[in-house]
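The structure appears below as structure tokens.
Protein chains: 2
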Amino acid sequence: MLDSPVRGFPVKEFEARLERLHKLMSTKGLAGILLMSEPEVRYFTGFLTQFWQSPTRPWFLFIPVDKKPIAVIPEIGAALMRTTWIDDIRTWGAPWPKDDGISLLQDLLDPLLKSGARLGVMKGHETSLRMPLGDYERLMSGLAGIEVVDATDILRNLRMVKSAAEIEKIAYICGITSRTFARAGDIFHKGQSLAEAFRAFRIECLTQGADDVPYLAGGADQGGYCDIISPPSNRSLESGDILMFDTGATFDGYFCDFDRNYAIEQADDLSRRAYDTLWRATEAGLSTARPGSTCRDLFQAMQNVISEMDDQGGEVGRYGHGLGMQLTEQPSHAVFDDTVLEENMVITLEPSLNYSEGRIMVHEENLVVQNGKPRLLSVRATPELPIIGVS
Amino acid sequence: MLDSPVRGFPVKEFEARLERLHKLMSTKGLAGILLMSEPEVRYFTGFLTQFWQSPTRPWFLFIPVDKKPIAVIPEIGAALMRTTWIDDIRTWGAPWPKDDGISLLQDLLDPLLKSGARLGVMKGHETSLRMPLGDYERLMSGLAGIEVVDATDILRNLRMVKSAAEIEKIAYICGITSRTFARAGDIFHKGQSLAEAFRAFRIECLTQGADDVPYLAGGADQGGYCDIISPPSNRSLESGDILMFDTGATFDGYFCDFDRNYAIEQADDLSRRAYDTLWRATEAGLSTARPGSTCRDLFQAMQNVISEMDDQGGEVGRYGHGLGMQLTEQPSHAVFDDTVLEENMVITLEPSLNYSEGRIMVHEENLVVQNGKPRLLSVRATPELPIIGVS
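Chains as they are written, first to last, in the numbering used here: chain A, 7 to 397; chain B, 7 to 397.
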């Protein structure tokens, strides 16, 4: 195992994030912003816990335009929140269905948000409302005269460009997962059920130093797989299967997200050709991933190659996305996304194509946009479909 | 490894769930119900994938009061959804921010929901809106004349009582995690960092047969830990530490959720006493967990013992909860919850107390309510705080 990066971030990183947020809020005329989703609360506080998996309790962070964030959270999280740089922490004995933080929020927001003030809330693409809708409606009806503004773009723009410390964490977990894939020939074998293969991959990834492997999907079938989001089945790997593993492993709350394809003992010609096409599509993406290119440019560069085999545009809906605190983040490499790439954006390239009667193949790499060539964080896939299980 | 239960469910299980839902919908006068959260979509379809971790795409299931569910989902999920018992599957090329399924929903709902019809949506405690709020607002403004009704209770009542097949899956993962904890003396040792201990525990749990360990939190400190939701740190285990691991491992999409406490080499008197109190509180809970008792009764039975050391009621907010497709489900063992226990409810007992200057201790078991004594799914914790690392 390599030495791992330091966990957490220095306070100055949070101060810098807050300063950038305050500037964007001023531009939009926002008096405050109310956040309640895991990545956003963590981004401004450092509050990292898997406890969000319990749907029982809502968690709130209110950020005034001119002050530090104020946490309004269940008492069970107070000890952990006190280890962060946040000093205004207001708690209640959650769960308390009749008033799960709502009157605390009301008390906080009422004096800050005068009638006519603009309150930012995330309502746009790729967001959810991580609190009961009924409670949200009650809170808003109590904040009379407030104008609610969609703040999705502000958060999106902030989070897309990563700091050096964030990139270090993502690079570290990409390295761990690359070393895990490098052992594919030892991990996977004919006759192994997919459920066993998933388990063996997870164990190897942890052994190599991952904190966790929250996302693992895979497929295997004769002459190509038909689905890329399936859980493990008891189907056994057979000679002639094309096997794909797609992995989101984490270190200190940061993700990698890339996949690899293997042929078990032998590969059919169409799958070889699909692999070659995707590999070259990724090369085209790598050549295009420069500051100043748009995500649409990235899509088009990959699509130009993919159309040799598949001109339908695929069913994945895009050819890659942002990466960091979540398995997938904005932007999307798609025709609808004209985000301009900037230095220190961390993205995936994820071309896919349909071939041979419902079969799909995906290919994915992780990189940092920088001046000149991008920095690959995943160890580049081999140019030819690797065959495993031949002794 | 024991033989694992069959993955998935027979179609008749989904038919039974739907029949029960239709009856409850009729009682409430609902013309249809719109679901979009992972457990609910899975409960009625069998659609199991970790892909929900990507926030990019919404997924919808509409269930008319007199027909089978209709899936309105991103194209990337079509192949997997076609393996379920659902036959009406409508897809779009998501992500497509300008219209991420909304016009498909509109086309589906418009003819079904005449003016004045009641549409069920989950808006209550423990729910989130798993789609962009802006899209929800647009959808609802397009469904003129529809009355939106909170359907949380319907889903809550359906999901709380488990089928035999569900209980088998939960029992299986509880057995795996019990065997993992039984090896605590081999896994944990003085000088090991908490990050290493987490990793070793996850690997052992997978080795014992878990599909995944989505939730793992723990704490360790001299004479007791102060926090129960923390991620791993680099702090090393020391003699005199009280170590707690709380685990949500999964098999086929079903969770266990229980914790264990250990003293490293030696235990202080107060921690021994806290452990004994919680163990006896759990015994009181086990005696009370019968059909006909309420969750409030369960809380009170445990609180009567806990108040020997701590009469504050704790900061966890409850002494256990439901368990199944999620790490925590309804109901809550708390003063506010008068849910009456029924046969085949799967619940946790999770008493906790505060002691010795900010220290907290938790204790947790998993069980099925049945006539007579409950069936323990976790192997009962030892009556005395176990000490590990003494050779």
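Virtual Cβ for every residue (Gly too), placed ideally from N, Cα, C.
Self-check item: Sequence-distant residues of its chain with Cβ nearer than 8 angstroms to SER239/A (five each side left out)
Solution: If we look at SER239/A and ignore the five residues flanking it on each side, its Cβ neighbours are SER199, LEU200 and ALA201.
Practice problem: Measure from the C-beta of ALA85/A to each C-beta in chain B and report whether the shortest distance is under 8 angstroms. | Solution: yes
Self-check item: Beta-carbon gap between SER236/B and ALA255/B smaller than 8 angstroms
Solution: no
Exercise. Give me whichever residues DSSP pairs with TRP98/A in a beta bridge.
Key: Here TRP98/A is bridged, per DSSP, to PRO80/A.
Quiz item: From what residue to what residue does the alpha helix (DSSP H) around VAL17/A run?
Solution: 17-34
Quiz item: Thinking just about the alpha-carbon of each residue, which of SER184/B, ALA171/B and ARG124/B is nearest to the one in ILE152/B?
Solution: Of the candidates SER184/B, ALA171/B and ARG124/B, the one whose C-alpha sits nearest the C-alpha of ILE152/B is ARG124/B.
Exercise. With 8 angstroms as the threshold, decide whether the Cβ of GLY254/B is near any Cβ in chain A.
Key: yes
Quiz item: If you scan the segment 250-307 of chain B from start to end, which runs of the alpha helix (DSSP H) of 4 or more residues do you find wholly inside it?
Solution: 275-294
Quiz item: In terms of residues, what are the limits of the alpha helix (DSSP H) holding ARG165/B?
Solution: From DSSP, the alpha helix (DSSP H) with ARG165/B extends over 158-166.
Quiz prompt | N-terminal and C-terminal residue of the beta strand (DSSP E) that PHE68/B is part of | solution = Here the beta strand (DSSP E) through PHE68/B covers 66-70.
Quiz item: How would you label GLN336/B, buried or exposed, when you count the other beta carbons within 10 angstroms and need 16 or more for buried?
Solution: buried
Self-check item: Contact set between PHE251/A and chain B, taken where Cβ atoms lie within less than 8 angstroms
Solution: What PHE251/A touches in chain B: nothing, since even the nearest Cβ is about 12 angstroms away.
Self-check item: ILE182/A versus GLN306/A, GLY328/A and CYS262/A, residue with shortest Cα-Cα distance
Solution: CYS262/A
Quiz prompt | Secondary structure of LEU373/B, DSSP reduced to three states | solution = strand
Quiz item: Any C-beta of chain B sitting closer than 8 angstroms to the C-beta of CYS232/A?
Solution: yes
Exercise. Note down, in chain order, every chain B residue with its Cβ under 8 angstroms from the Cβ of SER239/A.
Key: ARG13
Practice problem: Measure the C-alpha to C-alpha separation of GLY148/A and LEU111/B and round it to an integer number of angstroms. | Solution: 30 angstroms
Quiz item: Do GLN228/A and ASP252/A have their C-beta atoms closer together than 8 angstroms?
Solution: no
Practice problem: In angstroms with no decimal places, state the Cα-to-Cα distance between ASP217/A and PRO45/A. | Solution: 17 angstroms
Practice problem: Name the one or two DSSP bridge partners that LEU333/B has. | Solution: DSSP, once it has assigned bridges, lists no residue as partnering LEU333/B.
Quiz item: Since ALA269/B contacts LEU243/B with CB under 8 angstroms, what's their CB separation in whole angstroms?
Solution: Incorrect: roughly 11 angstroms between the Cβ atoms, too far for contact.
Quiz item: If we call anything under 8 angstroms between Cβ atoms a contact, is VAL155/B one with LYS34/B?
Solution: For VAL155/B and LYS34/B, yes; Cβs fall inside 8 angstroms.
Exercise. Excluding the 5 residues preceding and the 5 following GLU370/A in the sequence, name in chain order all residues of the same chain whose CB lies nearer than 6 angstroms to its CB.
Key: PHE264, ASP265, THR354 and GLU356
Quiz item: Which residue or residues does DSSP assign as beta-bridge partners of ASN360/A?
Solution: ILE366/A
Quiz item: Who are the neighbours of ILE235/B on chain A, taking C-beta pairs under 7 angstroms?
Solution: Identification of chain A residues near ILE235/B by a Cβ-Cβ cut-off of 7 angstroms yields THR55, PHE57, ILE82, GLY83 and LEU86, ordered along the chain.
Quiz item: In three-state terms, what does DSSP make of GLN198/B?
Solution: coil
Quiz prompt | Proximity test, Cβ basis, 8 angstroms: TYR221/B and chain A | solution = yes
Practice problem: Using 10 angstroms around the beta-carbon of GLU348/B, count the other beta-carbons present and answer buried if the total reaches 16, otherwise exposed. | Solution: exposed
Self-check item: Residues sharing a beta bridge with HIS327/A, DSSP
Solution: SER338/A
Quiz prompt | Meets three-Cβ-pair contact criterion under 8 angstroms: the segment 313-331 of chain A and the segment 72-87 of chain B | solution = The segment 313-331 of chain A, when compared against the segment 72-87 of chain B, does touch it at the 8 angstroms Cβ threshold.
Quiz item: Between which two residues does the alpha helix (DSSP H) containing THR51/B stretch?
Solution: 44-51
Practice problem: Could you check which residue in ILE394/A, ARG205/A, TYR231/A and GLN214/A has the C-alpha nearest to that of VAL219/B? | Solution: ARG205/A
Quiz item: With C-beta atoms as the reference, is GLY291/B less than 8 angstroms away from MET308/B?
Solution: yes
Practice problem: Using three-state DSSP, classify ILE353/A as helix, strand or coil. | Solution: strand
Exercise. Verify the CB distance criterion: does HIS131/B have a CB-CB separation below 8 angstroms to chain A?
Key: yes
Quiz item: At a Cβ cut of 9 angstroms, what residues of the segment 324-340 of chain B count as close to chain A, listed as they run along the chain?
Solution: ARG324, HIS327, GLN332, LEU333, THR334, GLU335, GLN336, SER338 and ALA340
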